[in-house]
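What follows is one structure encoded as structure tokens, with my remarks underneath.
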Amino acid sequence: MPCLAPPPNFKETPCLTRLVLDAGTRTDFGKGHARRARAAGQVPAVLYGHGTDPVHLVLPGHATMMALKNPNALLTLQFDGKEELAVAKDVQRHPIKPVILHVDLLLVKKGEKIVVDVPVHIEGESAPGTIHFQEASTLQVLAEATHLPESFVVSIDGLEEGAKVLASDVKAPKGVEARG
Numbered sequence: 073m074p075c076l077a078p079p080p081n082f083k084e085t086p087c088l089t090r091l092v093l094d095a096g097t098r099t100d101f102g103k104g105h106a107r108r109a110r111a112a113g114q115v116p117a118v119l120y121g122h123g124t125d126p127v128h129l130v131l132p133g134h135a136t137m138m139a140l141k142n143p144n145a146l147l148t149l150q151f152d153g154k155e156e157l158a159v160a161k162d163v164q165r166h167p168i169k170p171v172i173l174h175v176d177l178l179l180v181k182k183g184e185k186i187v188v189d190v191p192v193h194i195e196g197e198s199a200p201g202t203i204h205f206q207e208a209s210t211l212q213v214l215a216e217a218t219h220l221p222e223s224f225v226v227s228i229d230g231l232e233e234g235a236k237v238l239a240s241d242v243k244a245p246k247g248v249e250a251r252g
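So this is what it looks like as structure tokens:
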């Protein structure tokens, strides 16, 4: 059965808004200092990229947790009288508690393109008597750091048995190209 044409299966979602976090630099390292920072409601983080030396930061705990609920959130970090744009590259979370233990942040510049994984959400119902199977929950894309899509929504309304929606069928917004 042929794949469906992209326009009926694509609903454009807005790009993420920029989130501002007031960060502080840290000079103390190690497990004990990280525990004390977390006890004070802060999250240890490292900002790296563009060939610069890593910058060790502490971020406000609750604001960081709320900001990182959005995948690929573009963060504006304010520290030492300057602002830097960053994207979370790795987030370490507590296995039981809703707490962020550590964040690795990638420094980005306006106009720079980066590779990120964007969630794919399925909506609608396939034809009666069929079930759908979602093989991949994310789609890897190359996009401008300041215009990262929040998610892709694919409609499976009325899809018959054997029909497929491939990654190549998902129409990406302007300036976003699928990878892999």
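Residue 206 in our numbering sits at position 134 of the sequence shown, with consecutive numbering throughout. Here a beta-carbon is modelled for each residue, glycine too, at the ideal position from N, C-alpha and C.
Around the beta carbon of Glu207, fewer than 16 other beta carbons sit within 10 angstroms, so the residue counts as exposed. For His105, the uninterrupted alpha helix (DSSP H) segment begins and ends at Lys103 to Ala111. Annotation: the continuous beta strand (DSSP E) that includes Gly121 extends over Gln114 to Gly121.
Taking a C-beta distance under 9 Å as the contact criterion, Val171 and Val118 do not qualify as a contact pair.
Across the structure, Gly247 and Ala215 are spaced so that their CA atoms are roughly 6 Å apart. With fewer than 16 other Cβ atoms from the protein chains shown falling within 10 Å of its own Cβ, Phe101 counts as exposed. Within the segment 125-212, the complete beta strand (DSSP E) segments at least 3 residues long are 146-151, 154-165, 172-180 and 185-195, listed from N- to C-terminus. The Cβ atoms of Ser198 and Asp162 lie no closer than 9 Å to each other. The Cβ atoms of Pro143 and Val190 lie closer than 9 Å to each other.
The beta-carbon separation of Leu179 and Gly121, rounded to 3 Å, stays under the 8 Å limit for a contact. Per the C-alpha coordinates, the member of Gly183, Ser209 and Gly201 positioned closest to Ile194 is Ser209. Rounded to whole angstroms, Pro200 and Arg98 show a C-alpha spacing of 58 Å. Less than 9 Å divides the Cβ of Val130 from the Cβ of Val115. Residue nearest to Ala217 within the set Lys243, Leu238, Arg165 and Lys182 is Lys182 (criterion: CA-CA distance).
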